[in-house]
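**Q**
Chains as they are written, first to last, in the working numbering: chain F, -17 to 214; chain D, 1004 to 1241; chain C, 7 to 250.
1) Mind listing the chain F neighbours of residue 1022(D)? Cutoff is C-beta to C-beta under 7 Å, in chain order.
2) Compare the C-beta of residue 1081(D) against all C-beta atoms of chain C and say whether one is closer than 8 Å.
3) Going along chain D, which residues have a C-beta under 8 Å from residue 159(C)?
4) What number of angstroms, rounded off, separates the C-alpha of residue 9(C) from the C-alpha of residue 1148(D)?
5) By Cβ distance below 7 Å, which residues in the same chain neighbour residue 20(F) in space, the five residues on each side in sequence not counted?
6) Just checking my contact of residue 121(C) with residue 244(C) at CB under 8 Å: how many whole Å lie between their CB atoms?
7) Along the stretch 116 to 136 of chain F, what residues have a CB closer than 7 Å to any CB found in chain D?
8) In chain order, what residues of the stretch 1094 to 1113 of chain D put their CB closer than 8 Å to some CB of chain C?
9) Go through the stretch 26 to 109 of chain C residue by residue and report every complete run of the alpha helix (DSSP H) that reaches 4 residues or more, in order.
10) Locate the alpha helix (DSSP H) running through residue 1209(D), then write down its first and last residues.
11) By the 8 Å beta-carbon criterion, what residues does the stretch 61 to 84 of chain F contribute toward chain C?
12) Using beta-carbon positions only, say whether residue 236(F) and residue 116(F) come within less than 8 Å of one another.
13) Using DSSP's beta-bridge definition, name the partner residues of residue 1017(D).
14) Since residue 187(C) meets chain E, which of its residues come closer than 7 Å, beta carbon to beta carbon?
15) Less than 8 Å separating the beta-carbons of residue 205(C) and residue 144(F)?
16) Between which two residues does the beta strand (DSSP E) harbouring residue 1039(D) extend?
17) Does the Cβ of residue 201(C) have 16 or more other Cβ atoms within 10 Å, making it buried, or fewer, making it exposed?
18) Take residue 140(C) as the anchor and find which of 223(C), 65(C) and 89(C) has the nearest alpha-carbon.
19) Can you check which of these residues, 31(C), 42(C), 34(C) and 234(C), is closest to residue 137(C) by C-alpha distance?
20) Compare the Cα-Cα distances from residue 74(F) to each of 177(F), 184(F), 198(F) and 189(F) and report the closest residue.
21) At a CB distance below 7 Å, what residues from the stretch 183 to 198 of chain F approach chain D? Give them in sequence order.
22) Could you confirm whether any beta carbon from chain D is found closer than 8 Å to the beta carbon of residue 250(C)?
23) Report yes if the CB atom of residue 1144(D) is closer than 8 Å to the CB atom of residue 1103(D), and no otherwise.
24) Quick one: Cα of residue 157(F) to Cα of residue 146(C), how far?
25) Grouping DSSP H, G and I as helix and E and B as strand, with all else coil, what is residue 1158(D)?
26) Should residue 59(F) be flagged as near chain C, meaning a C-beta pair shorter than 8 Å?
27) Determine, using beta carbons only, whether residue 1060(D) comes closer than 8 Å to chain C.
28) In three-state terms, what does DSSP make of residue 15(F)?
29) Could you tell me whether the stretch 1200 to 1213 of chain D touches the stretch 1032 to 1046 of chain D, using the rule of 3 or more Cβ pairs below 8 Å?
30) Residues in its own chain within less than 6 Å of residue 1079(D) by CB, not counting five upstream and five downstream?
31) Can you tell which of 237(C), 250(C), 249(C) and 246(C) has the C-alpha that lies nearest to the C-alpha of residue 126(C)?
32) What are the start and end residues of the alpha helix (DSSP H) that includes residue 1110(D)?
33) Which residues of chain C have a Cβ atom closer than 7 Å to the Cβ of residue 1056(D), listed in chain order?
34) Kindly indicate which three-state DSSP category residue 94(F) falls into: helix, strand or coil?
35) In the stretch 1111 to 1186 of chain D, which residue ranges form an unbroken beta strand (DSSP E) of at least 3 residues, counting only runs that do not cross its ends?
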């Protein structure tokens, strides 16, 4: 059995440090927003989590393509790991969004496009896992997973763009948008820095978790192999 | 001179995930032979047949049928291959004739009408040709399945335990069709649990045990009464 | 061994040596023909889909209790929920037929391009779905006194059905090979096919309301984009989900 690679331990440390620093920035460095107050600070984690949710999706789809082309099992492990992690972060995105929404929009939830897309993405993640759990043969499981990850990844942006044709009450912080959307605010430089740092932090955390999860998958495979050898 | 070997398998291995089902399997069948492939459940007979049928890919090793490699030249192999499994592979809501015509179109057979008549005659189902397949007994469905398999006159026909689920009379009828098909010169590989039936039909007996061929003997070299002993001996070898 | 020992009673067995395109088209046509013939005889699939669709509309009638005003804005949604659910019935059944009697193997054994199988099944599924829609639309029209026979609305319905079936056939082929089969298909299908539902519902509603074409075009473009992209993807990946 290999021991934990040194680089991974370093990554653990880096991720943890970044998270602490980012939290510090969010609570102490970034100014308080004029209209919404303290609750706006959720925004930094909310968007970062959403970003990781989408990143997970992207990685899963790419891993899927590589698996179909190379038939190398390790791509399947990467894809599955990415989906699991992405699913968790997408959930964090939805929950933090709710926390933010309640005081601002006076409701926990609304069926506006961006939230709808976030939900859809989460459901596709769940469907992916359900698909895999219904298949015995590991090769078929990997192939089907890869195909579905690709399909899901292509369809989510379409859901999002089609939703953009609607009017939205979701704050549009980046890019052009309807100024009547409630909760919109302009970012001061300090906010921007905090925001970007948050994105960076969560990206590192994602990579760290992914690596751990992939290792776990490989160790699991080794155990299965040993079991089979023991029986025969 | 044409190569007499119709099926050539060299060091074939098949893995499902981490589980190895076939290991370094060698197998060769000459034109016109009727090989009975015997073996216990789980030995890998169906997996092996599926690979020969081009439905499954080898993990390692080489498979050649009528000179074409699998999986690279699968399309060429499929033209020359017919398969009868224990599932009928027939559409219940179509008539016997319509089933044959459908497969005929898939295989690009010319003169489908004439060929349908021929084949239905051969398997003894001419009087029922306009009846829906879901009204057929299992024995009749198996015979029609054979008709489907030989429709495009393949070099090789693979049978996966064709007697499964048939009563005595149906078995007897099936065997007469099998013998007829063999006499037409097709090369046949048949997996079976039924030693007596295999002894009656085949020209060669191979045993597949624990993922590899452990024994092979020609009909001329063995007394049919000794077949059971031969089989038992072969499967006890790891 | 004499290699000429392959006696045949005639030469009727000979096969055509076609261009790949012709054999592709021949196989696709054969599969469509087979599905239509079988269905024409048993009519199980169509009657099930139809009864189901009408029941769904009935349920909506009581569940939503719409006044005339509200009906116009909700009609497209009700119709597409109906089509989606009836559609999954059709998709499931269509692939289950192949799986249960091993017929999928029968198709795979033939020297045909795998995408011909996809194409043939997809077109067959599309025809069934359109047949249901042709019946449901007039019924709904009559029941709720709304004219649904606007060319734009019909076009949008067709485009939406194409997208639905393109993805649905692919996913049904996967779902039918798993343990959880029937329940799995809607779970896999609905999240992915949402852009189609969005486009079809919005497009239909706009046509019903008589909006400007400039408002409607984005939705039609969305539908066409979805149809093209997903049909292309399906073609590319279908091999991987039927081969072993």
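Quick reminder that beta carbons are idealized off the backbone N, C-alpha and C, glycines included.
Being a predicted model, the structure only gives us computed values, none of them experimental.
**A** Taking the coordinates as given:
1) 210
2) yes
3) Those do not exist, as residue 159(C) stays about 34 Å from chain D at its closest Cβ, beyond 8 Å.
4) Here the model assigns residue 9(C) a pLDDT of 33, short of 50, so the residue's position is not dependable, and the following value carries that caveat. One C-alpha to the other measures close to 26 Å.
5) 14
6) 6 Å
7) 119, 120 and 121
8) 1094, 1095, 1096, 1097, 1101, 1105, 1106, 1108, 1109, 1110, 1111, 1112 and 1113
9) 26 to 48, 50 to 70 and 74 to 106
10) Taken as a continuous stretch (DSSP letters only), residue 1209(D) belongs to no alpha helix (DSSP H), being part of the beta strand (DSSP E) at 1207 to 1212.
11) none
12) Given a span of -17 to 214 for chain F in the structure shown, any question on residue 236(F) remains unanswerable.
13) 1025(D)
14) This model lacks chain E altogether; the protein chains it does include are F, D and C.
15) yes
16) 1037 to 1041
17) buried
18) 89(C)
19) 42(C)
20) 184(F)
21) none
22) yes
23) no
24) Per-residue confidence for residue 157(F) stands at a pLDDT of 45, beneath the threshold of 50, marking its modelled position as unreliable; no derived number is given.
25) coil
26) no
27) yes
28) strand
29) yes
30) 1071
31) 237(C)
32) 1099 to 1110
33) 115
34) coil
35) 1159 to 1163
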